[in-house]
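Step one of this worksheet: look at the structure below.
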Amino acid sequence: MPKTPATSVCEEAATVSPPLSPGNVPFCFVIDEEPSIRHFLSLILHGAGVDTMDFPDGATMRVALTQRVPDLIFLNIALDSRDAIETILALGRHSYAGAVQLMSPRGSAVLEHVRKIGAEQNLNMLPVLKKPFETDTVVGTLQTLNLGTLKVSASRIDLGEAIDSGWIEFWFQPKIDLRKRQLAGAEAYARARHPTTGVALPGSFMPTADESDIVRLSELALLSALRTAQSFTQLGLNLPVTVNIPVPALEKLAAEDIIRANKPKISNWAGLIIDVPEEQIIADLSLAGFLAERLHRCRVRLAIDDFGRGMSSLAKLGKMPFVELKLDRSFVTDCGTDKVNAPLCKTVIDLAHNYGQVAVAIGIEKAADMTALVSMGCDYGQGFLLGQPMPEDRFISLLRQRTDASRKRHAPAS
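First residue of the sequence shown: 707, per our numbering; consecutive thereafter.
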């Protein structure tokens, strides 16, 4: 299978893509002439469990409306509002019963005029979104409509019971090359899907977990990451997958045997990255070095997670075996505007580069922060703005959809 370039996070949707999955999955149309806005909204919606089709204009959307009716429509009002008004009138003629979310940078008078036309068509017109808006605003719209947001359990779960009962699954979050604006990898996060209380985050099952169960969870994480890496290769992509494993578990885990038996069967496999907390590396640098050397033979590298919580560790950085330095999310938050966080981020990014490694910002939630990180030279980014963690099958389905669309665009004309 020929290799496909990493999927861009700002691809133009020149054609209508099919939904990711049929059935009862919530479904949304996104109409905006700006590809970056369409992609931004689609990432948030996909991460929240909502399938999408996106369109550069209302005319294309109106054709698709005859094939499938969405639960929600994000409709941009451009400088020429005629297309948006015609779309509203078309929705009225179809007796559309879903919700309409208008959005625009234009003045409130124009927005209110279009919203009023929708109300006259007996459409469910939501309060207008004035651009620019943040991720939380989109999530709030979904929560108001009770669309896509999975039930998250706040109750405590025993990790051993979750493993024995088959409740553990791994969700994957995209890691984006901030300069090339392309997918650069994915990171796995553990979830426990309780049959009655819903999906539990690690905070519900990790604090009370004993060491043996953490080792078992780490083995499951490795197997899931290797399976996902194999799925990447089947799509023609060779991207590293990251997992989180604490040092004590990594020391006890037969990682080399697991990797050799389950790794993708390609000669240039990109390998795995294991995130290890900074404080655990500092606590025993010799052990960390031994593990890094042992795993390197299996194409596994270490990343220092949550770097910067203890600035006294900077002097030891040169002795730490790592390929990535992950900025603590408390530094990343508001780094585009905060006079304290901005220089802290810049310092960590420069340190990573000085040692010939890459800097990864986690927890990016605002466009201003991402812009600032790019200007600082940050290499990779993860966070709500770039894509939420999502179930493995959904992540692969979304990636397959985008790589198929990319191949069609780059295929030679027949």
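Even for Gly, the Cβ is constructed at its ideal location relative to N, Cα and C.
**Prompt:** Which class does Gln807 belong to by DSSP, given the choice of helix, strand or coil?
**Reply:** Correct three-state label for Gln807: strand.
**Request:** Please say whether Val816 and Ile794 have beta carbons closer to each other than 8 Å?
**Result:** Cβ atoms of Ile794 and Val816: not closer than 8 Å.
**Item:** Distance between Asp1012 and Asp1056 (C-alpha atoms, nearest Å)
**Value:** Each residue's Cα considered, the two are about 16 Å apart.
**Asked** Can the beta-carbon of Leu997 be found less than 8 Å from the beta-carbon of Leu1031?
**Response** Cβ distance not < 8 Å, so Leu997 and Leu1031 don't count as in contact.
**Prompt:** Are Trp873 and Ala898 closer than 8 Å when you measure CB to CB?
**Reply:** Yes; because the gap between Cβ atoms is below 8 Å, this pair is in contact.
**Cβ pair Phe1090, Glu1071 closer than 8 Å** = Yes, they are a contact pair.
**Item:** Beta-carbon spacing of Gly1024, Ala1078 below 8 Å
**Value:** For Gly1024 and Ala1078, no; Cβs fall outside 8 Å.
**Asked** So, using beta-carbon positions, are Leu785 and Ala805 closer together than 8 Å?
**Response** 8 Å or more divides the Cβ of Leu785 from the Cβ of Ala805.
**Prompt:** With C-beta atoms as the reference, is Leu751 less than 8 Å away from Cys734?
**Reply:** A Cβ-Cβ contact shorter than 8 Å links Leu751 with Cys734.
**Item:** Inter-residue CB distance, Ser924 and Leu959 (contact presumed, cutoff 8 Å)
**Value:** About 5 Å; that satisfies the 8 Å criterion.
**Prompt:** Under three-state DSSP, which class holds Glu840?
**Reply:** Under the three-state reduction of DSSP output, Glu840 falls in the coil class, being neither helix nor strand.
**Asked** Mind checking whether Ala1121 and Ser930 have CB atoms under 8 Å apart?
**Response** This structure leaves residue 1121 out entirely; the chain is present only between 707 and 1120.
**Request:** May I have the straight-line CA-CA distance separating Asp916 from Met767, to the nearest angstrom?
**Result:** Asp916 and Met767 have their C-alpha atoms some 53 Å from each other.
**Asked** Are the CB atoms of Leu884 and Asp1040 nearer to each other than 8 Å?
**Response** No, the pair does not count as a contact, with Cβ atoms beyond the cut-off.
**Prompt:** Does the distance from the CB of Phe876 to the CB of Glu1098 come in under 8 Å?
**Reply:** Glu1098 is positioned such that its CB atom lies closer than 8 Å to that of Phe876.
**Item:** Sequence-distant residues of the same chain with beta carbon closer than 7 Å to Gly866, five excluded per side
**Value:** Setting aside the 5 residues that flank it on each side, Gly866 is surrounded in the same chain by Asp919, each with a C-beta closer than 7 Å to its C-beta; the list follows chain order.
**Request:** Apply the 10 Å Cβ neighbour rule to Ala765 and answer buried if 16 or more other Cβ atoms are within range, or exposed otherwise.
**Result:** It counts as exposed.
**Prompt:** Under the DSSP definition of a beta bridge, which residues are partnered with Trp877?
**Reply:** Partner residues in the beta bridge of Trp877, as assigned by DSSP, are Tyr895 and Pro1097.
**Prompt:** Within 10 angstroms of its Cβ, does Ser910 collect 16 or more other Cβ (buried), or is it exposed?
**Reply:** Taking all protein chains in view, the Cβ of Ser910 is crowded by 16 or more other Cβ atoms within 10 Å, so the residue is classified as buried.
**Buried versus exposed call for Val1046 [16 or more other C-beta atoms within 10 Å across all chains shown]** = Flag for Val1046 reads exposed.
**Request:** Measure the CB-CB distance between Pro1027 and Leu1050 and report whether it falls below 8 Å.
**Result:** No.
**Message:** Need the endpoints of the beta strand (DSSP E) that Thr948 sits in, please.
**Reply:** Val947 to Asn950 is the span of the beta strand (DSSP E), which, as asked, contains Thr948.
**Prompt:** Would you say Gln1094 and Gln936 are within 8 Å of each other, going by their C-beta atoms?
**Reply:** With respect to Gln936, Gln1094 sits apart: the two C-beta atoms are not nearer than 8 Å.
**Asked** When the Cα atoms are used, what is the spatial distance from Leu945 to Arg887?
**Response** Taking the Cα positions, Leu945 is about 15 Å away from Arg887.
**Request:** Please confirm if Ala754 has its CB atom under 8 Å from at least one CB of chain D.
**Result:** The structure shown contains no chain D; it is built from a single protein chain.
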